[in-house]
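Read the structure below first, then the notes.
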Amino acid sequence: MSETPKKVVTRFAPSPTGLMHVGGLRTGLFAWLWARKNNGTFILRIEDTDKVREMPGSKEQIMESLSWLGLVWDFGPDKPGTWGSCIQSERLDIYKKYAQKLIDKGLAYPDPYTEEQVEEFRKKAEENKQPFLFRNHRPETFEVWDGTKPLRFKVPELKRYEWHDEVRGTLSAGMEALDDFVLIKADGFPTYNFCHIVDDIEMGVSHVMRGEEFIASTPKFLSLYEAFEVTPPIFATLPPILGESGTKKLSKRDGAKDVLEYKKEGYVPDAMVNFLAFIGWNPGGEKEVYSRQELVETFSLDRIQKSGARFNPEKLDWVNKEHIKLLPLEETYKQMLSYFETELLDQETIHRLKKLLPVAYDRMNTYSDFYRDFKAGEYSYIIEKPSFDMKKIVWKQDTLENTQKYLQEVKIILSSIPEDLWEIENIKHGVWEYAEKVGRGNVLWPLRYSLSGKEKSPDPFTLAFVLGKKETLLRI
RNA sequence: GGCCCUAUCGUCUAGUGGUCAGGACAGCGGGUUUUCAAUCCGUUAACCGGAGUUCGACUCUCCGUAGGGUCACCA
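Using the working numbering, you'd call the opening residue of the first sequence number 1 and step up by one each time.
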């Protein structure tokens, strides 16, 4: 299967019924990767045929999410193709045309029952512990379809299906999977089962990637392709992304976040793409940090995993940090600062904040971490003089008396540094020499504590630099 | 219940009959000019069970077990 005869066309076809989370996004990513790797076409198709469940703004959120990650579509809601719109609700006449083809072949008929009657059939089947099959109730003769009743597919041939899946290998299903499913609903909208196949045919889709929930209905799709006398696309079943704990597919219930949340929190698009690509796929080597371009080059269908993978946010943080390291410092600093409402802070605070950036850089996983820690009071000392606990200022077995003596000495040393030479290295040099003589901890701990008022903080030299000479001497 | 799918460290995975079963995240221990962080080094930890095939099974077959999917006028 290494040779792909026709042009690769993939599509990501979400339903705009809610916010998109990483599960859906990963499906889109794989489709995009495969298209790009093969210099093919990637289509974003909006499957909005369920007008009841549709959520306003969902389509926009999907588009924004893909755009954020740089998954650029060649055709989409904003870019129709020769086949027309990429929004299903704008393609109703096309589905009608295809439905008519089936009616003409005697392969589609109006459902003569009421919903209640069908429900009754279903209940009865359940009671008998039998799978419900509408085809067992198929009418002898078909009425003419006037569009007010659901139009059903008449399964042409009951048989056992076996097909090839690029990920799972040979898949098969018994005849129980075959039924007279609804093609067009009573409200005039087509069902997913029907219209996605019409669209895939019309749009020339070569590879269909989707979750394993569709394996069971593949025989239905296959029989439709046969009815239209069209060769089916290549199928690739993607493994589910599982929630952090548990064994079930990731859902909003177990904290699946809106993709744009990750943008807000300051994850790097390339890191997100890298991480997502590695959920259920793996290139085989020991390299884990991949650029977008490397992913496109390396991606392959046959290395997609069969079984589900847990979503691990800690690893995402690690990947993100690795990607941040690859980015220019200036860009990162800009991003880190972007979370602060600088207009609400005074000049001196902003000045100190900027001097603190290198320290915060080491401590963060995402761009928003600095802001989060700042808000939590982690860096409160840069705004105001901290309050002390005199017991904590003394290092280990040392005495308060000694400590005060040391600090006085340090104060004298620091006073001698000119304002314009107030740099970390210079501060360190003077203090260090003295600290070596009387004991490092005896001097450095109290110095750091008196500047920060915290038991945990960056080193005293950095603190002194950030606070400035005047404030430093004041606090000692 | 019918049909279908899956199964290697806690997590993501490498592995396609012969490996000390490798890597990463997390964990643990240590170094790195005081604390924390960062960083570096080291380290704990896995082939679901049982038969069979074979000189030899994590790898192949079968049977279990466990988990998952699906059986809509939802996608």
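For glycine and all other residues, C-beta sits at the position ideal for the given N, C-alpha and C.
Exercise. How would you label leucine 467, buried or exposed, when you count the other beta carbons within 10 angstroms and need 16 or more for buried?
Worked result: Here residue 467 refers to the residue found at position 467 of the first sequence. Result: buried.
For this session: Return helix, strand or coil for glutamate 166, following the three-state DSSP convention.
Result: For the purposes of this step, residue 166 is taken as the residue at position 166 of the first sequence. DSSP places glutamate 166 in coil when its eight states are reduced to three.
For this session: State the start and end residues of the unbroken beta strand (DSSP E) segment that holds proline 110.
Result: For this step, residue 110 is matched to residue 110 along the first sequence. That run of the beta strand (DSSP E) goes 108-110.
Exercise. Curious, which full-length beta strand (DSSP E) runs of at least 3 residues does the region 73-106 contain?
Worked result: none
Problem set entry | Endpoints, the beta strand (DSSP E) within which threonine 10 is located | Counting from 1 along the first sequence, the entry for residue 10 is found at position 10. Boundaries of the beta strand (DSSP E) harbouring threonine 10: 9-12, taken from the DSSP string.
Exercise. Taking one C-beta from the region 150-166 and one from the region 217-237 each time, how about it: are there three or more such pairs within less than 8 Å?
Worked result: yes
Exercise. Who are the near neighbours of glycine 76 in its chain, counting only those whose CB is closer than 6 Å to its CB and skipping five residues on each side?
Worked result: The sequence position of residue 76 within the first sequence is 76, counting from 1. Cβ contact annotation for glycine 76 (same chain, cutoff 6 Å, sequence separation greater than five): Leu44, Cys86, in chain order.
For this session: Compare the Cα-Cα distances from proline 418 to each of Lys470, Glu120, Leu447, Tyr406 and report the closest residue.
Result: For the purposes of this step, residue 418 is taken as the residue at position 418 of the first sequence. Nearest C-alpha to proline 418: Lys470.
Exercise. Going straight from the alpha carbon of leucine 474 to that of leucine 451, what length do you get?
Worked result: Within the first sequence, residue 474 is the residue found at index 474, counting from 1. Within the first sequence, residue 451 is the residue found at index 451, counting from 1. Answer to the nearest angstrom: the Cα atoms are 9 Å apart.
For this session: Find the nearest neighbour of aspartate 199 within the set Pro232, Val167, Glu176, judged by alpha-carbon distance.
Result: If you number the first sequence from 1, residue 199 lands on position 199. Comparing Cα positions, the closest option is Pro232.
Problem set entry | Helix, strand or coil at phenylalanine 388 [DSSP, three-state] | Translated into positions along the first sequence, residue 388 becomes position 388. In the structure shown, phenylalanine 388 sits in coil (DSSP, three-state: anything other than H, G, I, E or B).
Exercise. Which residues in the same chain as lysine 6 place their Cβ atom closer than 7 Å to its Cβ, once the five residues preceding and following it in sequence are excluded?
Worked result: Along the first sequence, one-based indexing puts residue 6 at 6. So the list reads Ser206, once near-sequence residues are dropped.
Exercise. Between the region 429-437 and the region 309-329, do three or more beta carbon pairs fall short of 8 Å?
Worked result: no
Exercise. Among Glu409, Leu353, Asp389, which has the Cα closest to the Cα of glutamate 378?
Worked result: For this step, residue 378 is matched to residue 378 along the first sequence. Taking only the C-alpha atoms, the option nearest glutamate 378 is Leu353.
For this session: Could you pull out every residue in the same chain whose Cβ sits closer than 7 Å to the Cβ of alanine 309, ignoring the five residues on either side in sequence?
Result: Along the first sequence, one-based indexing puts residue 309 at 309. Counting only Cβ-Cβ distances below 7 Å, and skipping sequence neighbours, we find Pro239, Ile241, Leu242, Ile279, Gly280.
For this session: Kindly provide the ranges of any beta strand (DSSP E) runs that are 3 or more residues long and lie completely inside the region 212-241, ordered along the chain.
Result: 234-238
Exercise. So, helix, strand or coil for threonine 349, using DSSP?
Worked result: In the first sequence, residue 349 corresponds to position 349, counting from 1. Threonine 349: helix per DSSP, three-state reduction.
Exercise. Pick from Ser15, Thr82, Thr27: whose alpha carbon is nearest that of proline 56?
Worked result: Taking the first sequence and counting its residues from 1, one reaches residue 56 at position 56. Minimum Cα distance to proline 56 is reached at Ser15.
Exercise. What's the C-alpha gap between threonine 298 and leucine 19?
Worked result: Looking up residue 298 in the first sequence gives position 298. Looking up residue 19 in the first sequence gives position 19. Approximately 30 Å between the Cα atoms of the pair.
Problem set entry | Stretch-stretch touch, CB-based, cutoff 8 Å, three pairs: the region 90-110 with the region 143-160 | By the Cβ rule, the region 90-110 counts as touching the region 143-160, because three or more pairs are nearer than 8 Å.
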